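Student: Protein sequences appear in the order of chains F and S.
The first sequence runs 1 to 481 under full-length UniProt numbering.
The second sequence runs 1 to 490 under full-length UniProt numbering.
Note that the Cβ used here is the ideal one computed from N, Cα and C, for glycine as well.
Predicted model only: the values in this text are computed from it and were never measured.
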Amino acid sequence: MASAVVNIATAALDWVAVAFDAPFAGAVVFGVHINGHLVAEVLLIAVLLFQLTRKSYKPPKKPLTEKEIDDLCEEWVPEPLHPPITKEMKVEPPTIESAAGPHTIIEGKEVVNFASANYLGLIGNENIIDSCVASLEKYGVGSCSSRVFYGTTNDHIDCETRIAKFMSTPDSILYSYGISAIFSVIPAFCKKGDIIVADEGVHWGVQNGLHLSRSTVVYFKHNDMASLESTLEKLTNKKAEKVRRYIVVEALYQNSGQIAPLNSIVRLKEKYHFRVILEESHSFGVLGNTGRGLTEHYGIPIEKIDIITAGMGNALATDGGFCTGSGRVVDHQRLNGSGYVFSASLPPYLANAAIAAVNYLEDNPSVLTVLRRNISLVWEGLSDVPGLTMASDPLSPIVILKLKNSTGSLKSDLELLNKIVERVLVEDSILIVSTKRSVLDKCRLPVGIRLFVSAGHNESDIKKVSESLRRVACENWPDIA
Amino acid sequence: MVRLPYVTALTTLFSYGLLFAFGQLRDFFRKIIDWFKSTSKDLKGYAPICLGLEDFYTRRLYLRIQDCFSRPIASAPDAWFDVVERYSKDNNKTLHRTSKTSKCLNLGSYNYLGFAAADEYCTPRVIESLKKYSPSTCSIRVDGGTTDLHTELEFLVARFVGKPAAITFGMGYVTNSAIIPVLIGKGGLIISDSLNHNSIVNGARGSGAAVRVFQHNNAPHLEEVLREQIAEGQPRTHRPWKKIIVIVEGIYSMEGELCQLPEIIAVCKKYKVYTYLDEAHSIGAVGKSGKGVCELLGVDPADVDIMMGTFTKSFGSCGGYIAASKEIVQYLKHACPAQLYATSMSPPAVQQVISALKVILGEDGSSRGAQKLAQIRENSNFFRSELKKMGFEVLGDNDSPVMPIMLYNPAKIPAFSRDCLKQNVAVVTVAFPATPLLLARARICISAAHSREDLLKGLEVISKVGDLVGIKYFPAEPPKHGHQAHKKVD
Numbered sequence: 001m002a003s004a005v006v007n008i009a010t011a012a013l014d015w016v017a018v019a020f021d022a023p024f025a026g027a028v029v030f031g032v033h034i035n036g037h038l039v040a041e042v043l044l045i046a047v048l049l050f051q052l053t054r055k056s057y058k059p060p061k062k063p064l065t066e067k068e069i070d071d072l073c074e075e076w077v078p079e080p081l082h083p084p085i086t087k088e089m090k091v092e093p094p095t096i097e098s099a100a101g102p103h104t105i106i107e108g109k110e111v112v113n114f115a116s117a118n119y120l121g122l123i124g125n126e127n128i129i130d131s132c133v134a135s136l137e138k139y140g141v142g143s144c145s146s147r148v149f150y151g152t153t154n155d156h157i158d159c160e161t162r163i164a165k166f167m168s169t170p171d172s173i174l175y176s177y178g179i180s181a182i183f184s185v186i187p188a189f190c191k192k193g194d195i196i197v198a199d200e201g202v203h204w205g206v207q208n209g210l211h212l213s214r215s216t217v218v219y220f221k222h223n224d225m226a227s228l229e230s231t232l233e234k235l236t237n238k239k240a241e242k243v244r245r246y247i248v249v250e251a252l253y254q255n256s257g258q259i260a261p262l263n264s265i266v267r268l269k270e271k272y273h274f275r276v277i278l279e280e281s282h283s284f285g286v287l288g289n290t291g292r293g294l295t296e297h298y299g300i301p302i303e304k305i306d307i308i309t310a311g312m313g314n315a316l317a318t319d320g321g322f323c324t325g326s327g328r329v330v331d332h333q334r335l336n337g338s339g340y341v342f343s344a345s346l347p348p349y350l351a352n353a354a355i356a357a358v359n360y361l362e363d364n365p366s367v368l369t370v371l372r373r374n375i376s377l378v379w380e381g382l383s384d385v386p387g388l389t390m391a392s393d394p395l396s397p398i399v400i401l402k403l404k405n406s407t408g409s410l411k412s413d414l415e416l417l418n419k420i421v422e423r424v425l426v427e428d429s430i431l432i433v434s435t436k437r438s439v440l441d442k443c444r445l446p447v448g449i450r451l452f453v454s455a456g457h458n459e460s461d462i463k464k465v466s467e468s469l470r471r472v473a474c475e476n477w478p479d480i481a
Numbered sequence: 001m002v003r004l005p006y007v008t009a010l011t012t013l014f015s016y017g018l019l020f021a022f023g024q025l026r027d028f029f030r031k032i033i034d035w036f037k038s039t040s041k042d043l044k045g046y047a048p049i050c051l052g053l054e055d056f057y058t059r060r061l062y063l064r065i066q067d068c069f070s071r072p073i074a075s076a077p078d079a080w081f082d083v084v085e086r087y088s089k090d091n092n093k094t095l096h097r098t099s100k101t102s103k104c105l106n107l108g109s110y111n112y113l114g115f116a117a118a119d120e121y122c123t124p125r126v127i128e129s130l131k132k133y134s135p136s137t138c139s140i141r142v143d144g145g146t147t148d149l150h151t152e153l154e155f156l157v158a159r160f161v162g163k164p165a166a167i168t169f170g171m172g173y174v175t176n177s178a179i180i181p182v183l184i185g186k187g188g189l190i191i192s193d194s195l196n197h198n199s200i201v202n203g204a205r206g207s208g209a210a211v212r213v214f215q216h217n218n219a220p221h222l223e224e225v226l227r228e229q230i231a232e233g234q235p236r237t238h239r240p241w242k243k244i245i246v247i248v249e250g251i252y253s254m255e256g257e258l259c260q261l262p263e264i265i266a267v268c269k270k271y272k273v274y275t276y277l278d279e280a281h282s283i284g285a286v287g288k289s290g291k292g293v294c295e296l297l298g299v300d301p302a303d304v305d306i307m308m309g310t311f312t313k314s315f316g317s318c319g320g321y322i323a324a325s326k327e328i329v330q331y332l333k334h335a336c337p338a339q340l341y342a343t344s345m346s347p348p349a350v351q352q353v354i355s356a357l358k359v360i361l362g363e364d365g366s367s368r369g370a371q372k373l374a375q376i377r378e379n380s381n382f383f384r385s386e387l388k389k390m391g392f393e394v395l396g397d398n399d400s401p402v403m404p405i406m407l408y409n410p411a412k413i414p415a416f417s418r419d420c421l422k423q424n425v426a427v428v429t430v431a432f433p434a435t436p437l438l439l440a441r442a443r444i445c446i447s448a449a450h451s452r453e454d455l456l457k458g459l460e461v462i463s464k465v466g467d468l469v470g471i472k473y474f475p476a477e478p479p480k481h482g483h484q485a486h487k488k489v490d
């Protein structure tokens, strides 16, 4: 059987060979004998070349024609730039007609003012105003330039040295706006790939800085050290030498009035090798025996905190912000802090006001005792208001009262609180405020009523506000009172 | 447009290469020396706070010429001011102030209308408001930080710019960074000019919207980008964009060029996109009555959706504003983080802007405003034409008070700056990273406070130094001796 097949195959091949050999038998071209197999090979190569020149099959790509693009552009309808204006957007804040001190004038009437973060009562201080007048007559108002290009006056450098001396750090750097300090500092030191562990209750300025830095941000539960420790534990598997790691906290949270437990944070930072960025806007000039902030309050040497930033628009009653730390930290920001390089410098008269305020604080530490006494008086007066409960730390000058039973949604909570605040202003001439939340804010802490206690308030002011709030709350919740 | 000669490009690249090589060599030796010294225990287990090449530029290049930047002054930044002399004991690593000052001609500050120093109309009013309202309100705008001064300023700004309403902030940088995220978010598209300022870039990044760039001042390219983006929609899902905003500036501070506003507005209206105009350098400085780029180029302010500006440059104060329709301003007052979390603008600074605006509008009872506006226009055009005649490469359009003079080579930056200072002229030099690597420049800002003699002195010194340093890249016009003698007599 097999041999028969082989025979037939051989016969067929012979016949093919003869057929091919016949026409070319004996032909010689250029000294090459043309044999039959050469023809087959040439044909094969011709077929290969033919196939290679064919285009491979792809579904045909049809780019949009000009007319189609025109149609799409015509059809496209953009959303309006702003959402529909609601009733609450039309509410205007009260307009102040005099200095925003403990007593101010609204619509011609004198009002007790608990809405200014004027903790040391420096608004209206004669020394500060005199030094500002001298500065205005010499320099005018603005500095008309960035710090890098002739916007640095002697006053700016003196202010930086004064603050550094007060905080016992090598150097400090001035920013022209309080909120821009923190959102310039964070992107200057944290880049893509770094790890940041932040408290979930930090304010918008810090959140913006974290977002702009493009690092990996992990939030831990507000002021909860156990949550912080477990988060740090989870993140300690990366190579420590290549990745920078930071803990970002506020000393005194303006969203909740809580004070960060710095001793635990420093202990955790040393255990897990993180650096600490501390935002001290509301604690600078308030906490500690001489007002040097949270580090003095806990008795921690200032070298252990890597970067401290603060806005000067609160206790120091001026504008602007500063950042302080080691020499390397401060020098790096002079070229990389975007709010420092790309913005005009602080007006010189405000830098002068800051120097005068720090001098005042150093010479009169007793003003802090007055502030603390006022805060405790406020606590005494407001601890049993019906429907509201104290939500801030007993040492915090921002006193926050939140609703005992929330109505369920943030919006209705705010409506209720705003009604109470308005009644207090209209009926008793006392200015207090509710929490303000922007649509861009990621913080989810409960809202409440805020009072900013100052060393300039006297006992009768505090008594007035306690009585007024108690009365309005009783009328609002008659069944609880 | 910058025309970079081939030879200059090569020599500049070579200089930077040399600097880079030397820097790396010194870094290498520094690493060896540090390896011998024991590392301190504090930093064990921590990554260095500034990694690798991040501060290479600072340590090895910038420190060499540090004395050309951050020069402290001891008087107001008027037409002439006192520059504090500094010395260094460790080769420019640290600089110390002395108590000696030298009086120099100020060609660097943004003092376009001359309001920088104490002004006869503004300063008494500012001092009065300081005594009444004290330096700060210590409060955010929506709490207790709105004084009647703030309300008055907002009305005045809206009237000046030609829009229905306005809102003001304490810092120009924060204005951009905090407003753009409120207006547009994820699902939107921002198309910004390639040379926009850092605050706009930060605001755009912070908003979460997609960002595309179009070629500087090129309206046809903008149209191309718009057509492509609207037709394609969002990346990957191809859903239509929620809204599109085009962001441009009035005067670009590093080029001195005016924006081609009429063409860009025409393109934007055709495709129904919103426009955002940043007039930081042009408000108060250009235009017949100082109303900015819109007045100069004949664009109706109603065609621009949002107009932003700052008070730092032409009004001698600090802060920024946004002018737009009543509804947008109402929404911003309610939702913008800079209103809800940042201290309100300092009352004396507010009063300064109000007084300056009144002077410009002529409502103070004198014609000083009109004089200042005419003076700055005349000064800018004169200075620019003279510099061009001398053979310098000057950028920018006519009527713009910002004039960059190209230097290119990194070694010419400190040479130009130091030599000018020796002859009592203070100039500003800008290099990488504020400008592209090869295009370093010296930037001159003209003010209405400069008199003709000041400008002539400035021109004389710049010409001398320009010859010394070798930056007259174009052939100078042959001096017409007869005419020049006549000019001096006049």
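#1: In three-state DSSP terms, what is A9 of chain S?
#2: Tell me the rounded alpha-carbon separation between L52 of chain F and A46 of chain F.
#3: So what's T95 of chain F in DSSP terms, helix, strand or just coil?
#4: Report yes or no: do three or more beta-carbon pairs, one from the segment 166-176 of chain F and one from the segment 322-334 of chain F, lie closer than 8 Å?
#5: According to a CB-to-CB cut-off of less than 9 Å, which residues of the segment 59-84 of chain S neighbour chain F?
#6: At what residues does the beta strand (DSSP E) containing residue 573 of chain S begin and finish?
#7: What does A353 of chain F reach in chain S if we use C-beta pairs closer than 8 Å?
#8: Quick one: using the 10 Å Cβ neighbour count with 16 as the cut-off for buried, is V91 of chain F buried or exposed?
#9: Determine the burial state of E460 of chain S: buried for a count of at least 16 other Cβ atoms within 10 Å of its Cβ, exposed for fewer.
#10: Between the Cα of P3 of chain S and the Cα atoms of S:E393, S:I322 and S:G206, which residue gives the shortest distance?
#11: Go through its chain and collect everything with a Cβ distance to P94 of chain F's Cβ below 6 Å, but skip five positions before and after it.
#12: Quick one: which residues of the segment 132-161 of chain S get their C-beta closer than 9 Å to a C-beta of chain F? List them in chain order.
#13: Where does N218 of chain S fall in DSSP's three states?
#14: Among all the DSSP beta bridges, which residues are the ones paired with G208 of chain S?
#15: Taking 9 Å as the CB-CB limit, is H282 of chain F close to chain S?
#16: Is there contact here, the segment 405-414 of chain S with the segment 433-445 of chain S, by at least three beta-carbon pairs under 8 Å?
#17: So, at 7 Å on beta carbons, what are the nonlocal neighbours of Y252 of chain S in its own chain, with the 5 sequence-adjacent residues on each side left out?
#18: Specify the secondary structure class of V399 of chain F as computed by DSSP and reduced to three states.
#19: Have a look at M254 of chain S and L439 of chain S and give me their C-alpha separation to the nearest angstrom.
#20: Using a Cβ-Cβ cutoff of 7 Å, what residues of the segment 345-368 of chain S are near chain F? List them in chain order.
#21: So does the segment 118-138 of chain S actually touch the segment 324-333 of chain S, counting three or more Cβ pairs closer than 8 Å?
#22: In chain F, which residues lie less than 8 Å from G172 of chain S when you measure between Cβ atoms?
#23: Is W204 of chain F buried or exposed, if buried means 16 or more other CB atoms sit within 10 Å of its CB?
#24: Quick check on the DSSP output: the beta strand (DSSP E) that includes M390 of chain F runs from which residue to which?
#25: Quick one: grab the DSSP three-state call for F452 of chain F.
#26: Are the C-beta of D199 of chain F and some C-beta of chain S separated by less than 9 Å?
#27: Starting from the C-beta of P124 of chain S, find all residues in its chain whose C-beta is less than 8 Å away, skip the five residues before and the five after it, and write them out in chain order.
#28: Kindly list the residues whose CB is nearer than 6 Å to the CB of S215 of chain F, restricted to its own chain and excluding five residues on each side of it in sequence; keep chain order.
#29: Using the C-alpha atoms, what's the distance from F155 of chain S back to G208 of chain S?
#30: Does chain F have any CB closer than 9 Å to the CB of G458 of chain S?
#31: Along chain S, which residues have their Cβ under 7 Å away from the Cβ of N118 of chain F?
#32: Where DSSP assigns a beta bridge to S434 of chain F, which residues make up the other side?
#33: If you compare alpha carbons, which of F:L445, F:A4 and F:L64 is closest to Q229 of chain S?
#34: On the criterion of 16 or more Cβ atoms from any shown chain inside 10 Å, does H238 of chain S qualify as buried, or is it exposed?
#35: I need the straight-line Cα distance from E88 of chain F to S129 of chain S, nearest angstrom please.
#36: Run through chain S and tell me which residues come within less than 8 Å of Y150 of chain F, C-beta to C-beta.
Tutor: So, from the listed chains and residues:
#1: helix
#2: 10 Å
#3: coil
#4: yes
#5: Y62, F69, S70, R71, P72, I73, A74, S75, A76, P77, D78, F81, V83 and V84
#6: Outside the displayed span of chain S (1 to 490) sits residue 573 of chain S, for which this structure offers no information.
#7: P135 and S136
#8: exposed
#9: exposed
#10: For clarity, residue 3 of chain S is Arg in the given sequence; the question names Pro instead. It is S:E393.
#11: I106
#12: K132, Y133, S134, P135, S136, T137, C138, S139, I140, R141, V142, D143, G144, G145, T146, T147, D148, H150 and T151
#13: coil
#14: In DSSP, G208 of chain S forms no bridge with anything.
#15: no
#16: yes
#17: L195
#18: strand
#19: 11 Å
#20: S346, P348, A349 and Q352
#21: no
#22: S343 and A344
#23: buried
#24: L388 to M390
#25: strand
#26: no
#27: none
#28: C190, D194 and I196
#29: 32 Å
#30: no
#31: C138
#32: F:I449
#33: F:L64
#34: exposed
#35: 32 Å
#36: R71, I73, P77, F81, V83, N106, G108, S109, A426 and V428
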